[in-house]
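Asks: Numbering (the working numbering), first residue to last: 5 to 417.
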Amino acid sequence: MYATPIFRAAGLDPNGVSIYIVSDNSLNAFVAGGQKLFINTGLLLKAETPEQVIGVVAHETGHISGGHLSRVHDQLRNASAISILSTIAGVAAGVAAGRSDVGTAAILGGQNVATRNFLAYSRTQESSADQAGVKYLTEAGISSRGMLEFMQTLEGQELLSTASQDPYLRSHPLTVERVDFLENYVSNSSLKDAKVSPDMYERHARMRAKLFAFTSHIQNTMRTYPESDTSIAARYARSIAYYRDSQLEPALEIVEGLIAEEPSNPYFEELKGQILLEFGRARDAIPPLQKSAELSNGAPLIRLLLAHAMIETGDEAYLAPAKENLIGVLSRERGNASAWRFRAIVENRLGNEGEASLSQAEYSLLTGDRQAASYHAVQADRKLEKGTATWVRAQDILQATNPDGVPGKDAAN
Numbered sequence: 005m006y007a008t009p010i011f012r013a014a015g016l017d018p019n020g021v022s023i024y025i026v027s028d029n030s031l032n033a034f035v036a037g038g039q040k041l042f043i044n045t046g047l048l049l050k051a052e053t054p055e056q057v058i059g060v061v062a063h064e065t066g067h068i069s070g071g072h073l074s075r076v077h078d079q080l081r082n083a084s085a086i087s088i089l090s091t092i093a094g095v096a097a098g099v100a101a102g103r104s105d106v107g108t109a110a111i112l113g114g115q116n117v118a119t120r121n122f123l124a125y126s127r128t129q130e131s132s133a134d135q136a137g138v139k140y141l142t143e144a145g146i147s148s149r150g151m152l153e154f155m156q157t158l159e160g161q162e163l164l165s166t167a168s169q170d171p172y173l174r175s176h177p178l179t180v181e182r183v184d185f186l187e188n189y190v191s192n193s194s195l196k197d198a199k200v201s202p203d204m205y206e207r208h209a210r211m212r213a214k215l216f217a218f219t220s221h222i223q224n225t226m227r228t229y230p231e232s233d234t235s236i237a238a239r240y241a242r243s244i245a246y247y248r249d250s251q252l253e254p255a256l257e258i259v260e261g262l263i264a265e266e267p268s269n270p271y272f273e274e275l276k277g278q279i280l281l282e283f284g285r286a287r288d289a290i291p292p293l294q295k296s297a298e299l300s301n302g303a304p305l306i307r308l309l310l311a312h313a314m315i316e317t318g319d320e321a322y323l324a325p326a327k328e329n330l331i332g333v334l335s336r337e338r339g340n341a342s343a344w345r346f347r348a349i350v351e352n353r354l355g356n357e358g359e360a361s362l363s364q365a366e367y368s369l370l371t372g373d374r375q376a377a378s379y380h381a382v383q384a385d386r387k388l389e390k391g392t393a394t395w396v397r398a399q400d401i402l403q404a405t406n407p408d409g410v411p412g413k414d415a416a417n
C-alpha cells in the first residue's frame, strides 16, 4: 500500500520490485540486488504515520533509479533474498512467518542488516536520492513531510557513537544540508499539509499493531493495546497476543468478532486459520484460509499457509489442491523457499520422485546450501524425463552449483 504510487511515479513496474520485511528491531531500510527493497520491522513500528514509511520508500526508490551501488547490486542481482541477507549480515537468514498484506513480502531473519561498508552511500548519492524521492512524492500527490520527519528522527543520533546509531544512519549519512533541503522543500510545497486517506491511516495502525503483537511479549502488547482500547487495531493485536501465549479461546473469540465486523477482510480470516493450524486443528483451518485466499485474490503467503494446512491434515485428498496452491505461489514468487520445501513434501507423497528431488534442490539453492542443492539436482537428473522443462532446470542447478562439472554424473547416467 505504501510503494505502488512511488514506483509508478519513478517509472518502475510495481510488480518488478520485490519488497521484503526483515525481522529486525533496528530502524533500517535498504536496496540490494537491483530491485529488491528491504524494510526492517523496527522502521515500520517506529513510523508513526504512513507518510513516513512512504517517504523512506521514495528515498530508496531514488537509489534504485539512480543506480547507486550498481557494482554491489550487480553482484547480488540474481541472489535470493536469503542469500542477500546472509551476505550483508554475515549470518544465515531464516524465513519466518510472513505478512500477507505486503505483496511479495516474506519476513526474513537478520541481525544489524546493511551495516557493512559496501552498502554505505556517499553524501552525493544521498542528496540525489532525496531530490528524486521528493519528486516522486510530488508526482504521486503525497506530501514530503513524512520524509522530513523521518530524517529529523535520525538527526538526534548524529552525536551518538556508531554502535549506538540505527543502521540506517550508518549506511545513509545524514547532513545538515539534507535536512535543510527537505525543510525548504516542504515549506514551499503546495502539498505540505496534504495527508493520505483515512483508510491508509487505519491500515497503517493495523499493520503496526500486527507487527507489535507478533514481535513483543504478551505483557507489552496488553499494556500498549489495553482492553479499554476497543479499536480494530487494538483487538487485532490482542488476538495475536493471546494466540502467541497459547490462549486459544480468547484469541479465537476476538478474531471471530473482527470477522463478523469486517466479513470481507482477508487478513482476519487468515489469522483465524493460522491460529487453528498452530493449535493442531489443520482441517478446521482450511475453510477460513480458503476464504482468505479468495478475498485476497490469491495472495501468495496466504495460499502458502493454506497449502501447509492441507499437508498437515495427512489426508491424501488434499495433496492435489495443496500442489495447485503451491504452484500458484511459485508462479508469483519463484524465490519463496518455504513453497519449494512444501512442494517437495507434496511431490514425494504423490510419488513424483523426480519433482520432489527438483523441489528440494530449489529449496536448498535458495537457502544457500549448494552441496545439498547439487545432490538433489543429481537425483532429479536421474529421475526426470530427459528434455523436459523440469529436467532442464535440474541441469541449470547442477551448472550453478558445479561450474566445473559434476564428478561422476555422466558415468551415473
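Heads up, the beta-carbon is just placed ideally off N, CA and C, and yes, glycines get one too.
Please identify the residue among Thr53, Gln278 and Ala365 whose C-alpha is closest to the C-alpha of Leu310.
Replies: Gln278
Asks: CB Ser69 to CB Ala136, shorter than 7 Å?
Replies: yes
Asks: Identify whether Ile146 lies in helix, strand or coil by the three-state DSSP scheme.
Replies: coil
Asks: Mind reading off the beta-carbon distance from Trp344 to Leu323? Whole number of angstroms is fine, and I expect it under 8 Å.
Replies: No, Trp344 and Leu323 are not in contact; Cβ-Cβ is about 16 Å, not under 8 Å.
Asks: Please classify Thr234 as buried or exposed, where buried requires at least 16 other C-beta atoms within 10 Å of its C-beta.
Replies: exposed
Asks: In the DSSP output, which residue or residues are listed as bridge partners for Ile40?
Replies: Note that residue 40 corresponds to Lys in the displayed sequence, not to Ile. In the DSSP output, where bridge partners are listed per residue, Lys40 has Ser22.
Asks: Do Ala255 and Tyr247 have their C-beta atoms closer together than 7 Å?
Replies: yes
Asks: Have a look at Ile92 and Phe42 and give me their C-alpha separation to the nearest angstrom.
Replies: Note on Ile92: pLDDT 41, under 50, position unreliable in the model; no value is reported.
Asks: Compare the C-beta of Gly70 against all C-beta atoms of chain D and say whether one is closer than 7 Å.
Replies: Checking the listed chains, one finds no chain D in this structure; it contains a single protein chain.
Asks: Could you tell me whether any non-hydrogen atom of the ligand HEM is closer than 6 Å to the CB of Ala303?
Replies: Although the ligand HEM was asked about, the structure shown includes no ligands whatsoever.
Asks: Give the secondary structure of Ser104 by DSSP, where H, G and I count as helix, E and B as strand, and everything else as coil.
Replies: Interpretation of Ser104 is limited by its pLDDT of 36, a score under 50 that renders its predicted location unreliable; no figure is taken from the coordinates.
Asks: Comparing C-alpha positions only, which one of Ser296, Asn32 and Ala245 sits nearest to Gln231?
Replies: The sequence given here has Glu at residue 231, not Gln. Cα-wise, what sits closest to Glu231 is Ala245.
Asks: Could you tell me the distance, in whole angstroms, from the CA atom of Ala144 to the CA atom of Val190?
Replies: 15 Å
Asks: Starting from Val200, follow the beta strand (DSSP E) in both directions and report where the run begins and ends.
Replies: Here Val200 belongs to no beta strand (DSSP E), and DSSP marks it neither H nor E.
Asks: Checking the sheet assignment: what are the DSSP bridge partners for Ala34?
Replies: Just to set this straight, residue 34 is Phe in the shown sequence, not Ala. Phe34 pairs with Phe42.
Asks: Work out the CA separation of Leu334 and Ser342 for me, nearest whole Å.
Replies: When rounded, the distance between both Cα atoms is 10 Å.
Asks: If you follow the alpha helix (DSSP H) that Lys295 is in, where does it begin and where does it stop?
Replies: Ala286 to Leu299
Asks: Pro54 and His208 - do their beta-carbons sit closer together than 7 Å?
Replies: With contacts defined as CB atoms closer than 7 Å, His208 and Pro54 qualify as a contacting pair.
Asks: So, with DSSP's three-state summary, where would you put Ser363?
Replies: Taken through DSSP and simplified to helix, strand or coil, Ser363 comes out as helix.
Asks: Between Lys50 and Ala213, what straight-line distance do the alpha-carbon atoms span, to the nearest angstrom?
Replies: Spanning the two alpha carbons is a distance of roughly 12 Å.
Asks: With a Cβ-Cβ cutoff of 7 Å, do Ala286 and Glu320 count as a contact?
Replies: Their beta carbons are not under 7 Å apart, which means Ala286 does not touch Glu320 by this criterion.
Asks: Taking the alpha helix (DSSP H) that Gly275 belongs to, which residues open and close that run?
Replies: Before going further, note that residue 275 is Leu rather than Gly in the sequence given. From DSSP, the alpha helix (DSSP H) with Leu275 extends over Pro270 to Glu282.
Asks: What does the Cβ neighbour count give for Asn301, buried or exposed, with the cut at 16 atoms within 10 Å?
Replies: exposed
Asks: Is Tyr367 buried or exposed, if buried means 16 or more other CB atoms sit within 10 Å of its CB?
Replies: buried
Asks: Can you have a look at Trp340 and say buried or exposed, based on whether 16 or more other CB atoms are within 10 angstroms of its CB?
Replies: Per the sequence shown, the amino acid found at residue 340 is Asn instead of Trp. Flag for Asn340 reads buried.
Asks: In its own chain, which residues sit with a C-beta less than 6 Å from the C-beta of Glu357, not counting the 5 before and 5 after it?
Replies: Lys387
Asks: Is it right to say Ala264 is buried, meaning 16 or more other beta carbons lie within 10 angstroms of its own, or is it exposed?
Replies: Note on Ala264: under 16 other CB atoms within 10 angstroms of its CB, so exposed under the neighbour-count rule.
Asks: For Leu16, I'd like the list of residues in its chain whose CB is within less than 6 Å of its CB, leaving aside the five on either flank, ordered along the chain.
Replies: none
Asks: What's the gap between the Cα of Gly71 and the Cα of Ala133?
Replies: Cα to Cα, Gly71 sits roughly 10 Å from Ala133.
Asks: Which same chain residues end up closer than 6 Å to Ala289 when comparing Cβ atoms and leaving out the 5 residues on each side of it in sequence?
Replies: Gly277, Leu280, Leu281 and Ala313
Asks: Is Leu152 near Leu195, with beta carbons less than 7 Å apart?
Replies: no
Asks: Could you compute how far the alpha carbon of Arg242 sits from the alpha carbon of Ser126?
Replies: 43 Å
Asks: Indicate whether Asn44 and Ser30 have their beta-carbon atoms separated by less than 7 Å.
Replies: yes
Asks: Determine the DSSP secondary structure at Ile92, reduced to helix, strand or coil.
Replies: Only weak support is given to the placement of Ile92: the predicted model assigns it a pLDDT of 41, under 50, and the value that follows is read from those uncertain coordinates. Here Ile92 sits in helix by DSSP.
Asks: Return the CA-CA distance between Ala36 and His63, expressed in angstroms with no decimal places.
Replies: 14 Å
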